[in-house]
Structures are given as structure tokens and as C-alpha cells.
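Student: Using the working numbering, the letters of the sequence shown map in sequence onto residues 1 to 1009.
Quick reminder that beta carbons are idealized off the backbone N, C-alpha and C, glycines included.
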Amino acid sequence: MVRVYNCHPFAAQLIVPVQHEPDTLCCGRDTLFVVSAGCKIEAFSVTEVGCQPICSFNALGKVQKITFSEIACYLVAIEEKSNVLSLRVYFNWKGCQAQGKSRVGVRIVGHMLQAPFEGAAKDQMEIIEVPLSEPPVSVSCCPIKGDLVVGCHNKVVFFRLKKVALAGQSPVFDFERFLVVHVSLKLLEVAFCNGCLAMIADLEVLVLKLERARQVENTAQQQAGRKTASVNKATDIESSDTGEAASLSQEQDEFIFFQRPLELLGEDTWGSGVVLNLEWTGAESLTTERHNNVYLRQILYRRFAPDLAHIYSVEETALHSLQLLPMFATGDSELAAGSGKKDKQVLSLFCFFSLPHVGCLYAVGNMVQQLSTYNYPEKAKQAVISPQFLHVITRSNLLCYTVRCSSVAARDKDPEMDTNNKACPPFFMPVSALRMQLFIGLRAVCLSRNHLVVLAKTEAQVPDRPTKSKKQPPQKSKAANKMPSATSEAGWNLYCLQMISTIQLCKEMVDYSKRYKACSPQSYVHLLSEAHLMLKAALLDPDLCSQTDRAELVSAFKENCTQLGDCYSEFEMDDFHLALPYYKMSGLSLNDLISRRLLWEGQPQKFGKGFMYYLKHSIYEELKEPLNAETANQVLHVFKLAEPTHIPHALCSPCMRNVCLRMAWDHLERLAAISPSALVTLTKALVALRLEDLAKYQQAMQQYSETRLVCGFVAEPHLLQHRGIVVTELSRELERNQPGLLVASFVALLESHKVNLEEAELFFKALCVKDGDDETQADTPQLLVDFWEAMLIACSQESMIQLLLIKLVSVYIRRTARKQRPERSPLKTVDDLMNCCNQFGAIYSWIHTINASHSHPQGPSDDLLKLQSILCGSSIDVKSVLPLLHQLPEDDGPGLSVHVLCATRLGECEHVTDQLLDRCPEALLLFASCEMRQEKQPLWWKKLLPELCKRTKGAGRENRILVSSLKETLAAVATILQPLDFLSILPDEGIASFFLPHLQECSRKNFIT
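#1: To which residues of the same chain is E126 closer than 6 angstroms at the C-beta, ignoring the five residues directly before and after it?
#2: Can you name, in chain order, every residue of its own chain whose Cβ lies under 6 angstroms from the Cβ of A664, other than the five neighbours on each side?
#3: Among the candidates A456, P426, V431 and S432, whose CA atom is the shortest distance from the CA of I440?
#4: Please identify the residue among Y812, K558, L679 and L691 whose C-alpha is closest to the C-alpha of C660.
#5: With a Cβ-Cβ cutoff of 7 angstroms, do S569 and L590 count as a contact?
#6: Which residue wins for smallest C-alpha separation from G740, given the options P883, L689, K162 and S825?
#7: Please list the terminal residues of the continuous beta strand (DSSP E) segment that includes T47.
#8: Do you know whose CA, among K507, L901, E416 and F352, lies nearest K584's CA?
#9: Less than 7 angstroms separating the beta-carbons of L452 and L497?
#10: Could you tell me the distance, in whole angstroms, from the CA atom of Q887 to the CA atom of V811?
#11: For D863, which residues from the same chain have a beta carbon less than 7 angstroms from its beta carbon, with the 5 sequence-adjacent residues on both sides left out?
#12: Any chance you could list the alpha helix (DSSP H) runs of at least 4 consecutive residues sitting entirely within the stretch 639-682, in chain order?
#13: Look up A12 in the DSSP assignment and say whether it is helix, strand or coil.
#14: Which residues share a DSSP beta bridge with V139?
#15: Determine the contact status of L161 and G146, defining contact as a CB-CB distance below 7 angstroms.
#16: Are the stretch 424-435 and the stretch 39-55 touching, with three or more C-beta to C-beta distances below 8 angstroms?
#17: Starting from H451, trace the beta strand (DSSP E) in both directions and tell me its first and last residue.
#18: Mind checking Q698: buried by the 16 CB within 10 Å criterion, or exposed?
#19: Given L926, which residues of its chain have a CB within under 7 angstroms of its CB, disregarding the five upstream and five downstream residues?
#20: By the DSSP assignment, the beta strand (DSSP E) with S321 in it spans what residues?
#21: State the Cα-Cα distance for the pair T728 and R708, rounded to the nearest angstrom.
#22: Would you list, in sequence order, the uninterrupted beta strand (DSSP E) runs of no fewer than 3 residues that lie entirely inside the stretch 416-456?
#23: Which stretch, first to last residue, makes up the alpha helix (DSSP H) that contains G792?
#24: What are the start and end residues of the alpha helix (DSSP H) that includes M499?
#25: Suppose you measure from the CA of E625 to the CA of L682; what does that come to, to the nearest Å?
#26: Cβ of L319 within 7 angstroms of Cβ of F353?
#27: In this structure, what does DSSP give as the bridge partners for C51?
#28: Flag this pair as yes or no: are the beta carbons of K866 and V912 separated by less than 7 angstroms?
#29: Have a look at the DSSP bridge pairing and note the partners of T24.
#30: Using CA coordinates, which residue listed in L750, R657 and F611 is at the minimum distance from E572?
#31: Return the residue from the list Q738, K155 and L749 that minimises the CA-CA distance to V275.
#32: Given that a residue counts as buried once 16 or more other Cβ atoms are within 10 Å of its Cβ, and exposed if not, what is T269?
#33: Excluding five sequence neighbours on each side, which residues of the same chain lie with their C-beta closer than 7 angstroms to the C-beta of K470?
#34: Looking only at its chain, what residues have a beta carbon closer than 6 angstroms to the beta carbon of A715, apart from the 5 residues adjacent to it on each side?
#35: Taking the beta carbon of C561 as the centre, do at least 16 other beta carbons fall within 10 Å, making it buried, or is it exposed?
#36: With a threshold of 6 angstroms on Cβ separation, who are the neighbours of S272 within its own chain once the five nearest residues in sequence on each side are excluded?
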């Protein structure tokens, strides 16, 4: 579908001062080349005031087609001489003066003749002959690197532009043939840009991408598979063609059969059946490793059925006007003439081709997809495309359509596009026909940077009326003969149409769109979107941007964003959410938009869904600067009229800081009466704190249980904190009087993914920091430790559990080592944690013995008990604790208990036995009965019993603890071993009276058993 409007894309129409009837023409960015009289080439400089002649020169043959390359500033022509088509390239054509007396040097491509260049004049024009095995059909110059691509009957020849340095002379440009692509199509046109090759036959389009394989093996497999598929498909095609030929020979001659239409994109394109064969030439053919990693990947294939609805000749249904259009990522497009050093970075690439009545535009860059279809009212002869417009000529009309290239390029450039921050009209939006301008006998069209050049010829010269010519006096006829040929020949004209500036055209489109605002809002938005895409194209395209002051373009773009934001905020549209990104891109503040957008008659229907969507997101996203009192009160009034349930969310935003608190309280009171909830109550509590009314605050906080209040905090996290870790008044009040509710609320926020762990930790640190303290150097506050402990109870994710455990262990160790007590009482004791959290295990009895033997007057601290409980549990990874143990010395009770706990968890029972023998022998037997079981049971008599005997003998009767431990060890071992085994482990020098009772007990228990 094409929307038709009547806008004016052209600002002026000038006549190009050509002396003879033009045959063909082409354009550069600011240059026009016109071929007349078969071989005469005239060059013009295209400026704002018209076309000024530069020079003229003669080609060596009759020019059939001509193309110009901005890179290296060369002209390439397909010429005919003696019924033979040849290809020639013209360098340094500007040095050729109008008189045609300048020197001309002719050479063959790849052959540098040294002698003629030595001391050659700078104004010498160079003509390079390009020999080809087949007649050329089409030529294309890469706008990025200046490479030359020549299309022949069924092959494409690639030439690389290069500089050749001559001894003592300035470098000279030349070409190097490096690749020939044989293709099973009868080619009509080719186009090449940045490694992308497009070609058309009568009714077929094929687009290829020259790519370097990532891996040689994968490339070989891909090529093998593709060659097999191509061969099979080629065989099928040949067989089908043979069958069709046989059937055609049997049928009547007037019947013609066509293949069905087909479109293949991306990887599916290899099903096209088109056979490709790559032939490397020149230096590339010798470098097998280099070209083995390069292959042509088909990305687009389309086959059409001939359009016989309007015309009945099959030859007139062929495709034409093939073009590749790049859009660039950088603003640096100014390449000096004759220099090929700089390469432009292509952001997006597009391919256009046309049938007589339909044009097709595809994106062939990051994605391969059809963007637009253009339906012409009559048969098109030629079309040219730019980042802003598609210009099509028919027999008597110049048509101007909008394009969607800037929509794709904007998304390729900015990853934030189509989010709440940025928006752009979609590429599938219907295209528009802006202007249909009448001409007589249009033949050709070409596009320069800011001008459209159109060649018009009448079908035949209008003969003079014989009656009047006979009666004219001879003086008048002589005067008529003296008139210039350009004015006397009315059969042709060459027009240079100046494009209107982007800003002026957009203003005209905005004025034109206002007639649709009331009757057709969709058309109104559509025209504004067209203006947006034109401005976007101007900002992206360096040539368009350089014609207008960029600041003026940016200003117009922001104004257009404001207009689009107004549309989506006012009209009832499905995509009303686009009001938010368009208003953001407008650069206007919420204060500005409120003051210019809203009417305050108390009618809620005036506030559309789009505006409310923008308002809510702007309020919730916490603007850097708070709204002034008047605007804040107006925003509150809007929510009261349109969405009263969102008043609590609005009042919690920091940008509403200046709102009238009395008015806010009244609104909340009415809302609580209509729709009571924990969120409304908490918001009332926040407002009461700001009013410094503690009675109202306490009354509000007592209306719901803590569980319901936690749900209210989850519904609106801004009650507790703002972005940037700003603590609210309500959080500080809860920290003083209800810390448990505060901790439970943040646990719920973390579980519901409203905040992350880092944000919660920063919040508690900011909340608990004291005045004058350095927040970065302050110790971990107890409220944060309480939060970690509460999270450990609620968490089920193993990675999060390990992270929380190591955080808690680090704090417990640091406080224990420093003998530091927390600044406030913990919310949960060690018994509470052991009862409700699996990560806290029951403390071993022998650890309690160590604690008692090295007891502090106040007993072991809660941090030490919690640390011991974690180490007694089964969840902690003890190896992660070892780097922290250097803070605790082993010579005191807390340090000893932690070290031996870690060693026990690591299975180092012998080492723990030695430590307990040295530091705390009274805990030894409890340790042995707890840890020396099952496979570690032999440690009782192999390690513990010999050590006790040895140490008891050395200590004598003075060490009663060792003697008591020895007796208890003998009693325990005697119940386990057989008498003979028990007897064998007793020391030889031992006193019989000491060991005999244990031996008898051992014998008695075994006899009973």
C-alpha cells in the first residue's frame, strides 16, 4: 500500500547548458557527466546555482554506458567501436581542457609504461583499456574502496583498485583482476558495494556476499555441500529445461512457459538452483591459502513471473534499475579526490531493483529482509534511490517516494532503539508518494548529492507549419537561424532539479499533516513519522548532514519527537507506549511537558493512555531534578482524575518531593476509604513522617500485620529507598523502632527481584553509617549481618548460600579476633538460627568444653557461637574459610576452637588430637568419642592411647587431666578390642596395677559377649 500526499521535494528546476542532444549521463556527488554525439563527454560541477561546465573530452568509441567513481575520481565507460564493445577507464579527466588540446596517455590495465610518465604534464588524461574475453554488459564501482566490477553475458569480473608507485614520480592508479564469477544467468545489470554483489537477469535477482570463512574446515564442508547441492540443482534445471524444450517443440510456437515466482532469503538461498563457479586470477590464483578462505555466500534470490497485466511484450517485463545503497556509521565521508586511503564504515546496506510496475527494496546488511514494495501507476523506465527518496521516471511523470533505509540504519546503529529510551518508526510502515511531477518524454534520470538530473526527449520533432513559414519575412527566418541550438531544438531538455532542504520539507509535511489531524489521526501520525525518518536519514548520512547545520537538524529532530510524543499521548492508539521514548528524545523536561501539554478543566478523558504511560514512567524513573511545587501538584491532580490507584506510587518518587503534603494526605485518605491496602497505609505513614506527625504515623503502621506491610513494601520499593541508594525517612524510622520489619522487607524485595544483593548491602551501609564516619571504612553494621542471616534462612539457591555464608563467616571471624561486640543486639540468637536454618548446625559437645575451659567472664560471644555453628553445619565449604583463619591466633580458646573445627571438617583428626593434647586435654575424650568412629576408630588405640601413655608418664601425677583422660580412654578401648589385642597395645614399661583392672574388664565383657 502506498499513501499519496502532495508535498514538494524539489526547490528549483534549472536547465543544464548542454550544446548537443544527450545520449546518456551519470552523476557523482557534485559532478554530472553527459555523453552527446556518441563519444563527446561533458563534465559539469553541480552547485546550488546550477551546473557549471568543468571540461569536455572525447571517448575513443561510442559510449553505451558510463559510470563514475568518487574513490580515485575515475570514469568508466562501455564503448562501441567497429561493432565491438570494449571497456575503458578515464583518469585525471579534469586536466583535459575544453579545447581538447591536453595530452592523453593510453595504456592497458596492469601495464605501467615508465617512459611516458617521466616528466609527464600534470594535466595529462590517462585512458586505461580493460580487455575482456566477452563483451561487457554492465559496470559498477564500489563506493567504499573504488573497486571495479564488470558484468558480462554470464560472468562477473572483479578488478581491485590499487596505487602503483613510480620511481621519482607521484603514484598512479591501476586495476588488478583478481576474481571471475561464472554464473548460470543471462546478466543484465550488476552492482557491487563493500563485498556485496547484486545481479539481475530478465526476471531473476541474485545477491551474493563475498566473505572470509572463520574456519578452513567448516568452509571446505560448506563449499562441498553447496557444490553438491548446486550440481544436483543444476542437473534438475537442465533436465527440466530439456523436458520443457521437448514439450515446447511439440506445442505451438505462440505458447511460452514461465517458472513459478520464488523468494529465498539467507541460508535458504542455496536452493535457488543458480550455479556459481569462482575463478581466481592474477596474484590471487597463486595464493591458494588466501582465496581458499573466501567464498561467495548467496543471501537473496528472487524470481518473478512476467507482469502481463499492462503490457503484452515479454521483453518489456524485464528487471531494471539495480542499485546497492550503503548507509554509513561515521560522519567522515569526505574523501579527497584521487585518494583511496580512507574507507567508510558501512552501517547498513540496501538493494533496490524494479519491474515495470513494481519496485522492491531489501535490506542486505545485518539482516536480509524485504522492506518495501512500490506500486507505480504506469510503466517505469528507470529509478534511482537515495537514503531519503526513491525517484522513478515513467513516460511523462517523475514520481517521488519515501524509503525506509533510515529506520533500519537507526536500529543497526543504536542498540537502545525500540526501548523506553529511544524509538523510530518501523520499516514496514506504508511508503508515501510525495509528488507526481509532469514532464514530456522522460528518458533517463541520475542522482547527485542534492540534485536530480532528468533527461526528457519528445518522441519526434514537431514540424513547422508550412503556411506560416512561407509567409514569414526572410529577416525573421535568419534571426531564427542565429538562435543557439539548445533553445531552438525543442525536442529535448536536460533538467537539474534541486532537492528541497530536509528541514523545509519536514515543515511542509507537518503543515500538510494538520489537515488529517481531526479526520484521520493515523494519517497525521504517518506523515509525522515520514518527517522523522527523513530527519533521521539526514543525521545519519554525512552528505545530507553537511548541507545543513547539524545543530539545526538536531533541533528539528527534537521538535518532531515532541510532535510524535503528543500524538501517541493524545490519540487512542495500540502503540501508545511510544509516547515515552519520543518525549525522552525531545529533550524537554517533565516540567516543560506538563506546562505545555495539560489542560486543567478536571476532565480525565483528556489524559490519554500514552500520556499516562509517559507520566508514570517519568515519575517512577526518578528524575534528576525534582518537580517544582506547582508541577508536582498538577501531576497529583492528574493521577487523582485519571488513575487514583497510582497516587501512592507517585508520592513515593523523589521528584515529587515538593508536592503539597496536606493535599497528598487528603488524597490518600480518600483513596484509603475507597480502596484500602497496605501500600496506601505505608504511603500515609511516609507522608505523616514528612509532616512530623508521629501520632498519625503510629496509627497508620498499626493497621496491618508485619506480613501485610512487607507485601506493601514489595509493591513499592521506593518507600524504603531511591535510586542511587538514597534512604527515605520511613527507612530511618524503621531502623530505629522496627528493624525486623525493615530486614524482612528487604529479604522480600530481593526474593522478588526488585533489588539485588549489592544494592541491599549498600542500602544498609548507608542507613547505619554515623555522622562523621567514613562510609567506606566503617565496619559491617549489625543490621546488614541480620539481613544476611535472614537471607540465609529464606534462600534456596546454592551459589547464593555459599556467598552469604562466607560473608557471615568473615564478619564473625573479624569481630571475634578483635573482641568486638556489635553496635546493637542481633535480631536472632544462635539458637534461633539453629532452629530455623539448616546452614547452622548444632555445636559439638567438645567445642563447648573448649569454650568453657577458656571462658570469658561474659561467656563466649554470639559471633563466636554463630561461627562455630556454621562450621559444625554441613553447608559451608571449609576451604573457603582457611584464608581468613590468620586473623585468629591458636593460643586462645576462640582461635583454638575455630582452627580445630576446620581441621576436623578436613579430616585431619591426628593433627586435632595433638592440638587438644597440648591446649585442651579435657576436651580430648569428647572429641574422640565424637570423631573417632567407624573407619577412624583405630585412632583410639593407635594414636590417642600411645600419646596419652607417653605424656602421662612424662607429666607424672601432676597432670590429673591427662591421667583421667588415659583412664577413660582405656575404658573406652577395652569395650572395643579383644583381650589379646588390648594387651598388645599396652606399654611394656607400664605399671600392672594401673592397667590390670581395664584388662580384666575387657576380658569380662568379651566373655559375656
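Tutor: Reading it off the structure:
#1: If we look at E126 and ignore the five residues flanking it on each side, its Cβ neighbours are F91, N92 and G105.
#2: Answer for A664: L651 and V687, listed in chain order.
#3: Distances from the alpha-carbon of I440 to those of A456, P426, V431 and S432 put A456 closest.
#4: Out of Y812, K558, L679 and L691, L691 has the C-alpha closest to the C-alpha of C660.
#5: Not in contact: S569 and L590 (Cβ atoms no closer than 7 angstroms).
#6: Nearest option by C-alpha distance: S825.
#7: Element bounds for T47: K40 to T47.
#8: Cα-wise, what sits closest to K584 is E416.
#9: Closer than 7 angstroms, so yes.
#10: Approximately 11 angstroms, taken between the alpha carbons.
#11: Within the same chain, D863 has close Cβ partners Y812, R815 and T816.
#12: If one requires a minimum length of 4 residues, the alpha helix (DSSP H) runs lying completely within the stretch 639-682 are 647-652 and 661-674, in chain order.
#13: DSSP, reduced to helix, strand and coil, places A12 within a strand of the structure shown.
#14: V139 pairs with V150.
#15: A Cβ-Cβ contact shorter than 7 angstroms links L161 with G146.
#16: No, they do not touch.
#17: Unbroken beta strand (DSSP E) run through H451: H451 to K457.
#18: Counting Cβ neighbours within 10 Å, Q698 comes out exposed, since fewer than 16 surround it.
#19: S845, W846 and T849.
#20: For S321, the enclosing beta strand (DSSP E) has its first and last residue at H320 to F328.
#21: Rounded to whole angstroms, T728 and R708 show a C-alpha spacing of 20 angstroms.
#22: You should have 431-438 and 442-447.
#23: Gly is not the amino acid found at residue 792; the sequence shown has Leu there. Per DSSP, L792 belongs to the alpha helix (DSSP H) from Q782 to A794.
#24: Per DSSP, M499 lies in no alpha helix (DSSP H); the unbroken beta strand (DSSP E) holding it starts and ends at W492 to M499.
#25: Rounded to whole angstroms, E625 and L682 show a C-alpha spacing of 25 angstroms.
#26: Yes, they are a contact pair.
#27: Paired residue(s): V46.
#28: Judged by beta-carbon spacing, V912 lies beyond the 7 angstroms limit of K866, meaning their Cβ atoms are not closer than that value.
#29: BP columns for T24 point to V35.
#30: Answer by Cα proximity: F611.
#31: Closest option to V275, Cα to Cα, is K155.
#32: Buried, since its Cβ has 16 or more Cβ neighbours within 10 Å.
#33: With a pLDDT of 39 at K470, under the threshold of 50, the predicted position of this residue should be treated as unreliable, though the coordinate-derived value follows. There are no such residues.
#34: Its chain contains L679 as the residues whose beta carbon lies nearer than 6 angstroms to that of A715, once the 5 sequence neighbours on both sides are disregarded; these appear in chain order.
#35: Classification of C561: buried, given that the 10 Å Cβ count is 16 or more.
#36: Taken in chain order, the residues that qualify are L264 and Y301.
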